[in-house]
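Counting in the working numbering, the sequence shown runs without a single skipped number right up to 1300 at its last residue.
Right, one structure below, let's go through it.
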Amino acid sequence: MPGGGDEPRLQLLVRRVQEGDLTAFDQLYALTRSDAARTLRHLVGNRVEVEDLLQETYLRLLTAVKGYRGESRFRTFFYRVCSNVALSHLRWKRRRPEDPFAEPPDQEAHGEDPERAAQRRQAARLVELALERLKPKKRIVFVYYELCGMSPDEIAESVGSSVNTVRSRLHHARLEFNEAMQRLLVTRDPGGPHGAP
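Structural data, given as structure tokens:
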């Protein structure tokens, strides 16, 4: 999401949306979409579903923004909508397991060296797999803190928990994430740094 300097612009757009100006909602969408997509991808772990979840997020945001009073930063309010969509999706996904062999499509940066692109995709996939091993509430706190740069106070407000609960979840999420990454790295490289014998 745009940095803190864009907060006044976001607040102004929200006020215009509340007054019924749908072009302002289009501008709000344009300003926040890439951050919402990245956040949702980290929260749910499957890029294939992100487009559907983005639609759901912005449908909910259009309704929720009517009740936004500006007591918190828009970013905090926005991430609460994202986390609610992600939690609903993860609960639904738990009841209906997906095909474990489905791979998300690869997206290469234009003109990127193929070897570097492959390394970047592999690193991103490892992070995604490690995040998938975290329970949803821990994953949301971890993603918001580590990847979105939110403070524990902002996260607490976004997810409707106390700051102490957020700090506790973050602590455990970091331990579990690091442990998951270690396990993934070991299973990816069975022969160690010199390869299999």
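Every residue, glycine too, gets a C-beta built ideally from N, C-alpha and C.
Limits of the unbroken alpha helix (DSSP H) element including residue i
i: Lys1240; result: 1239 to 1245
i: Glu1174; result: Unbroken run through Glu1174: none, as it is neither H nor E.
i: Tyr1161; result: 1153 to 1167
i: Glu1257; result: 1255 to 1262
i: Arg1136; result: 1125 to 1147
i: Leu1113; result: 1110 to 1121
Residue i versus residue j - alpha carbon distance
i: His1275; j: Asp1124; result: 43 Å
i: Arg1112; j: Arg1286; result: 44 Å
i: Asn1281; j: Thr1126; result: 43 Å
i: Tyr1171; j: Gln1222; result: 42 Å
i: Ser1175; j: Val1246; result: 20 Å
i: Asp1129; j: Leu1288; result: 42 Å
i: Arg1270; j: Pro1255; result: 7 Å
i: Arg1136; j: Val1244; result: 20 Å
i: Leu1164; j: Phe1177; result: 11 Å
i: Gln1225; j: His1145; result: 15 Å
i: Lys1238; j: Gln1114; result: 32 Å
i: Val1089; j: Tyr1182; result: Beyond the ends of the chain as shown, which are 1104 and 1300, falls residue 1089; an answer cannot be given.
i: Arg1272; j: Glu1159; result: 26 Å
i: Leu1156; j: Leu1278; result: 28 Å
i: Gln1122; j: Ala1167; result: According to the sequence as given, residue 1122 is Glu; it is not Gln. Taking the straight line from one Cα to the other gives about 14 Å.
i: Glu1218; j: Thr1268; result: 42 Å
i: Leu1257; j: Ser1191; result: The sequence as given places Glu at residue 1257; Leu does not occur at that position. Whole-angstrom Cα-Cα distance: 21 Å.
Cβ-based burial, residue i [other Cβ within 10 Å; buried from 16]
i: Ala1133; result: exposed
i: Val1120; result: buried
i: Gly1173; result: exposed
i: Gly1252; result: exposed
i: Leu1131; result: buried
i: Ser1261; result: buried
i: Arg1194; result: exposed
Contact with chain C by residue i, beta-carbon distance below 8 Å
i: Asp1256; result: The chain inventory of the structure shown lacks chain C, comprising one protein chain alone.
Anticipated Cβ contact below 8 Å, residue i with residue j, distance rounded
i: Leu1250; j: Arg1242; result: The Cβ separation is near 11 Å, so there is no contact.
i: Cys1185; j: Ala1227; result: 19 Å between Cβ atoms; not a contact.
i: Ala1189; j: Leu1232; result: Rounded, the Cβ-Cβ distance is 17 Å, inconsistent with contact.
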